[in-house]
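Enquirer: Keeping their order, the protein sequence lines are chains A and B. Note that the working numbering numbers the first sequence so that position 36 is 49, with each residue one more than the last. Note that the working numbering numbers the second sequence so that position 107 is 400, with each residue one more than the last. Structure incoming, see below.
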Amino acid sequence: MNAKILTFSSNGDKTLLEYDPATADMEEVNNVIAEYEAQTGAQPFDMATGERIEKITREHNEILMVDPIAGG
Amino acid sequence: MHCKSGGKCMAHVNLFLIAFLALIVWRLVFASLQRSRLARAIAPQQQRHDNLFEEVLHISDPGSVAVIAGNRFENSSDSSCSLGPNDRAKAYLRRVVAITNATQMGDGYVLDVGTTRFQVRDRYVRRLRYAADLKCGYEETCFYSIHEGMPKAEEIATALLQLRNNPALFDKWAVQNGQAIKADGQVFSHAH
Numbered sequence: 014m015n016a017k018i019l020t021f022s023s024n025g026d027k028t029l030l031e032y033d034p035a036t037a038d039m040e041e042v043n044n045v046i047a048e049y050e051a052q053t054g055a056q057p058f059d060m061a062t063g064e065r066i067e068k069i070t071r072e073h074n075e076i077l078m079v080d081p082i083a084g085g
Numbered sequence: 294m295h296c297k298s299g300g301k302c303m304a305h306v307n308l309f310l311i312a313f314l315a316l317i318v319w320r321l322v323f324a325s326l327q328r329s330r331l332a333r334a335i336a337p338q339q340q341r342h343d344n345l346f347e348e349v350l351h352i353s354d355p356g357s358v359a360v361i362a363g364n365r366f367e368n369s370s371d372s373s374c375s376l377g378p379n380d381r382a383k384a385y386l387r388r389v390v391a392i393t394n395a396t397q398m399g400d401g402y403v404l405d406v407g408t409t410r411f412q413v414r415d416r417y418v419r420r421l422r423y424a425a426d427l428k429c430g431y432e433e434t435c436f437y438s439i440h441e442g443m444p445k446a447e448e449i450a451t452a453l454l455q456l457r458n459n460p461a462l463f464d465k466w467a468v469q470n471g472q473a474i475k476a477d478g479q480v481f482s483h484a485h
């Protein structure tokens with residue numbers, strides 16, 4: 014089963030990446046996500062537990078990139 | 294069936310077989326046309342997503358990452374793909390409510406983190422310091438995603454996830470200076 018990384022957007026949810034966790038280069042996945050975070054401020058959360066993730070591993074099957082929030 | 298002659302009987306049987314085969318062929322062609330129409334409808338949307346992501350991340354060779362961009366929806370049968378953005382947003386909100394142990398109350402959601410209770414509704418969040426003591430009063434602030442137009446359900450889901458992981462974010466949102474705060478509490482400065 015593929016793992017996927019998605020985000021919320023003005024058009025609803027959007028899948029950013031889908032990969033096979035058994036074969037994917039997880040370092041590369043984390044690099045891509047780090048770059049996405051730098052661009053958007055979104056940070057990864059595990060959709061199985063609701064916890065924020067510091068580093069994506071092969072055990073994570075569904076990751077939600079959560080956007081920044083502002084007050085005011 | 295009674296046949297007066299073998300020839301007439303065979304003709305009837307052949308006619309029936311031809312009609313039956315024609316019906317099967319028609320069904321197959323019709324199903325194939327439906328699939329190709331659906332594929333044509335999905336392809337441009339997929340292309341837009343792929344282009345956007347590659348543009349944002351400047352991926353020169355996505356294939357080398359062993360990553361496939363796609364729009365498939367986990368946990369979903371084919372039927373959920375046909376849901377609109379708002380319906381999918383509501384489905385995600387229900388999942389987030391479940392994993393954060395929040396509960397729906399009226400048009401909002403109640404989230405307990407330690408002794409603090411948050412009441413989250415569209416663009417507003419209220420904090421009660423001691424969940425069990427309603428006499429303690431509350432503080433309230435508004436919040437919004439920095440991405441305009443995000444479905445309301447997704448904004449609420451975002452707030453629930455962030456508050457559950459980092460309840461101190463409420464104080465940062467309450468400053469109300471319009472600064473975007475990341476889930477880890479850091480200020481996000483727009484790259485562009």
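Idealized CB from N, CA, C, for every residue including glycine.
(1) Between F436 of chain B and A452 of chain B, which are expected to be in contact by the criterion C-beta below 8 Å, what is the C-beta distance as a whole number of angstroms?
(2) So the candidates are B:H305, B:M443, B:R381, B:S438; which of them puts its Cα closest to the Cα of G85 of chain A?
(3) Taking only three categories from DSSP, how would you classify I311 of chain B?
(4) Based on DSSP bridge pairs, tell me the residues matched to M60 of chain A.
(5) For the pair the region 410-425 of chain B and the region 47-58 of chain A, tell me if three or more CB-CB distances fall below 8 Å.
(6) Do you know whose CA, among A:E50, A:V42, A:K27, lies nearest H73 of chain A's CA?
(7) According to DSSP, is M303 of chain B part of a helix, a strand, or is it coil?
(8) Under a CB-based cut-off of 8 Å, is I449 of chain B close to chain A?
(9) Run down chain B in chain order and give the residues with a C-beta less than 8 Å from the C-beta of E64 of chain A.
(10) Per DSSP, what are the beta-bridge partners of M78 of chain A in this structure?
(11) Give me the Cβ distance between K17 of chain A and E75 of chain A, rounded to the nearest whole Å; I'm assuming they're in contact under 8 Å.
(12) Can you list, in chain order, the residues of the region 39-52 of chain A whose Cβ is nearer than 7 Å to any Cβ on chain B?
(13) If you compare alpha carbons, which of A:R65, A:I69, A:Q52 is closest to A37 of chain A?
(14) Using alpha carbons as the reference points, say which of B:A304, B:F463, B:M398 lies closest to R422 of chain B.
Expert: The answer reads as follows:
(1) Confirmed, Cβ separation roughly 6 Å.
(2) Out of B:H305, B:M443, B:R381, B:S438, B:S438 has the C-alpha closest to the C-alpha of G85 of chain A.
(3) In the three-state reduction of the DSSP assignment, I311 of chain B falls in the helix class.
(4) Paired residue(s): none; M60 of chain A is not in a bridge.
(5) Here the region 410-425 of chain B does not lie against the region 47-58 of chain A, with fewer than 3 beta-carbon pairs under 8 Å apart.
(6) When only C-alpha atoms are compared, the closest one is A:V42.
(7) Looking at M303 of chain B - three-state DSSP - the assignment turns out to be helix.
(8) With 8 Å as the cut-off, I449 of chain B does not count as an interface residue toward chain A.
(9) Around E64 of chain A, the beta-carbon contacts reaching into chain B at under 8 Å are N458.
(10) Beta-bridge pairing links M78 of chain A to A:T20, A:P57.
(11) 6 Å between Cβ atoms; contact.
(12) Cβ contacts with chain B come from E41, V42, V45, E48, Y49, A51, Q52.
(13) Sorting A:R65, A:I69, A:Q52 by C-alpha distance to the C-alpha of A37 of chain A places A:I69 at the top.
(14) Across the set B:A304, B:F463, B:M398, the C-alpha of B:F463 shows the shortest separation from the C-alpha of R422 of chain B.
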